[in-house]
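Heads up: the structure comes next, in structure tokens.
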DNA sequence: TTTGCATACTTCAATCTTAAAATATTTGCC
DNA sequence: GGCAAATATTTTAAGATTGAAGTATGCAAA
């Protein structure tokens, strides 16, 4: 009978976690959709392009293609295509890595930095408005907890 | 000077919200990638296919194509393609809506229900493991707060 | 009842995305 | 030095995704 109780508790717990996951996914998609619309409307760009430029903006010396895909949590081939298109427009450039001819650094061009600066300022204001419901303290607490969760995920043995 | 203080406070607040958003996005992508791998490895399917079947499973009478895209927060054209592929495999079927010849209901076939049941059981266990860091109470509190945020987002005037 | 706008869905072109194969280079081992 | 395995990136094919255009049907006002 205590096992029955345990089973019920466990099932309830897993249901709670599942609901949390579905909420997380729903909120994230909703916000992504809003940002996508605004980026297209106001800056004639896309979310993946913004993400790439944002990552490169945080790393002024540039990032290797593989580091870029790692940061963005997308595949290698994916960033190849996005960087190709940004490079065609002169917003990003590929720079060879001294000492390793296999590798390539991607980095913002001066024009890319200018263009991104305008996008980023608005982006921050959009986020600010979308999360208006949440004060700074709560947002920070939330972020800290999510960071712990992320670390737990990284640490996890991927045996399953 | 008090305006300077206000500006600083406001900027700090918006930075905290931005960090929260980046964490939310990062955790969501990480988990999506894990689920994608597992679905492919163990069930030879994809995340969008699972999402469609999951939505249809929660609505046994079926959903109109437009309801389906609304629930999943993706475009109409997108679900058309995914339902096409699921229908080819006999997992989903399209049913005309009596009284409105423009509309179509998508619903799981009996085989689709069987196949999905197997996927869903494992999916719940995966989520349970991924969120092992978080107890049921915390997960529920988190979910409640996200729901409030989602409602605030829905209510927001989209004037910007 | 006809005409025009709205609705539901599909199609289309472009971009994004993944997983796997291919290419080029580096590194370790003998 | 030379070869095998590992690493960094690109290419490829299939699927996913969007936004806009196209098609068919419904609805409502004149």
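Chains as they are written, first to last, in the UniProt record's numbering: chain A, 1 to 160; chain B, 1 to 160. Quick reminder that beta carbons are idealized off the backbone N, C-alpha and C, glycines included. Predicted, not measured: the structure shown is a model, and the values here were computed from it.
Taking a contact to mean a Cβ-Cβ separation below 8 Å, would you say residue i touches residue j in this structure?
i                      : j                      : result
residue 95 of chain A  : residue 62 of chain A  : yes
residue 92 of chain B  : residue 68 of chain B  : no
residue 82 of chain A  : residue 29 of chain A  : no
residue 64 of chain B  : residue 97 of chain B  : yes
residue 112 of chain B : residue 150 of chain A : no
residue 16 of chain A  : residue 140 of chain B : yes
residue 51 of chain B  : residue 72 of chain B  : yes
residue 122 of chain B : residue 42 of chain B  : yes
residue 130 of chain B : residue 153 of chain A : yes
residue 12 of chain A  : residue 143 of chain B : no
residue 106 of chain B : residue 47 of chain B  : no
residue 148 of chain A : residue 133 of chain B : yes
residue 18 of chain A  : residue 31 of chain B  : no
At a Cβ threshold of 8 Å, is residue i touching chain B?
i                      : result
residue 23 of chain A  : yes
residue 27 of chain A  : yes
residue 13 of chain A  : yes
residue 128 of chain A : yes
residue 139 of chain A : yes
residue 124 of chain A : yes
residue 146 of chain A : yes
Chain B partners of residue i, CB-CB under 9 Å?
i                      : result
residue 164 of chain A : The requested residue 164 of chain A is not part of the displayed model; chain A covers only 1 to 160.
What residues match up with residue i in a beta bridge as DSSP calls it?
i                      : result
residue 100 of chain A : A:97
residue 105 of chain B : B:64, B:95
For residue i, return the contacting residues in chain B, with the cut-off set at a CB-CB distance below 7 Å.
i                     : result
residue 19 of chain A : 143
According to DSSP, is residue i helix, strand or coil?
i                      : result
residue 132 of chain A : coil
residue 126 of chain B : helix
residue 71 of chain B  : helix
residue 59 of chain A  : coil
residue 155 of chain B : helix
residue 1 of chain A   : For residue 1 of chain A, the predicted structure reports a pLDDT of 46, less than 50, and the residue's modelled location is therefore unreliable. A value from the coordinates is still provided. Residue 1 of chain A: coil per DSSP, three-state reduction.
residue 89 of chain A  : coil
residue 44 of chain B  : coil
Taking C-beta pairs closer than 8 Å, name the residues in chain B that residue i reaches, listed in chain order.
i                      : result
residue 134 of chain A : 17, 20, 149
Please check if any C-beta of chain A sits within less than 8 Å of the C-beta of residue i.
i                      : result
residue 33 of chain B  : yes
residue 159 of chain B : A caution first: residue 159 of chain B carries a pLDDT of 47, below 50, which makes its placement in the model unreliable, though a value can still be read off. Judged by the 8 Å Cβ criterion, residue 159 of chain B is not in contact with chain A.
Residues of chain A with CB closer than 8 Å to the CB of residue i, please, in chain order.
i                      : result
residue 152 of chain B : 132, 133
Taking only heavy atoms of the ligand NAD into account, decide whether any of them is closer than 7 Å to the Cβ of residue i.
i                      : result
residue 122 of chain B : This structure does not include the ligand NAD; it has no bound ligands of any sort.
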